[in-house]
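Novice: In case it helps, my numbering puts the sequence shown at residues 78 to 152. Don't be surprised by glycine CBs; every beta carbon is placed ideally from N, CA and C. The structure under discussion is supplied below as structure tokens; questions concerning it will follow.
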Amino acid sequence: MTELDILNDLLEYRMMLQKWYNHALLNVVNPEAKALFTRLRDDETRAVLNIQQKLLRKGAPGKIIHKIFPARSRP
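Here you go:
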């Protein structure tokens, strides 16, 4: 199992948790419980974004900065 496989599995799991918290928010009436589920959902959202960024970095070719700022040729 590669690092990309692990990150993809983790992303899928975190997104599942995010959906579960959203579903729980719809059914909860207690304001304290609603605040807790909202906070937990927001934590999962941040985790999903971090994992997505890691996946993008892993899939991006190395030294991409050279494509943005090409090295100048020296005379």
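(1) Count the other CB atoms within 10 Å of the CB of residue 91; is the residue buried (16 or more) or exposed (fewer)?
(2) CA-CA distance, residue 135 and residue 79?
(3) How far does the alpha helix (DSSP H) with residue 93 in it extend, from its first residue to its last?
(4) Return the chain-ordered list of same chain residues with a C-beta closer than 7 Å to the C-beta of residue 87, the five sequence neighbours on each side being excluded.
(5) In the DSSP assignment, the alpha helix (DSSP H) including residue 127 goes from what residue to what residue?
(6) Taking 7 Å as the threshold (beta carbon to beta carbon), is residue 102 in contact with chain C?
Specialist: Quick look at the numbers:
(1) Residue 91 sits at position 14 when you count from the first residue of the sequence shown. It counts as buried.
(2) Your numbering for residue 135 matches position 58 in the sequence shown. Your numbering for residue 79 matches position 2 in the sequence shown. Each residue's alpha carbon lies about 11 Å from the other.
(3) On the sequence shown, residue 93 is found 16 positions in, with the first residue counted as 1. Its alpha helix (DSSP H) spans residues 80-104.
(4) Taking the sequence shown and counting its residues from 1, the one referred to as residue 87 is at position 10. Around residue 87: 128.
(5) As a working mapping, residue 127 is identified with position 50 in the sequence shown. 108-136 is the span of the alpha helix (DSSP H), which, as asked, contains residue 127.
(6) Chain labels in this structure do not include chain C; a single protein chain is all it has.
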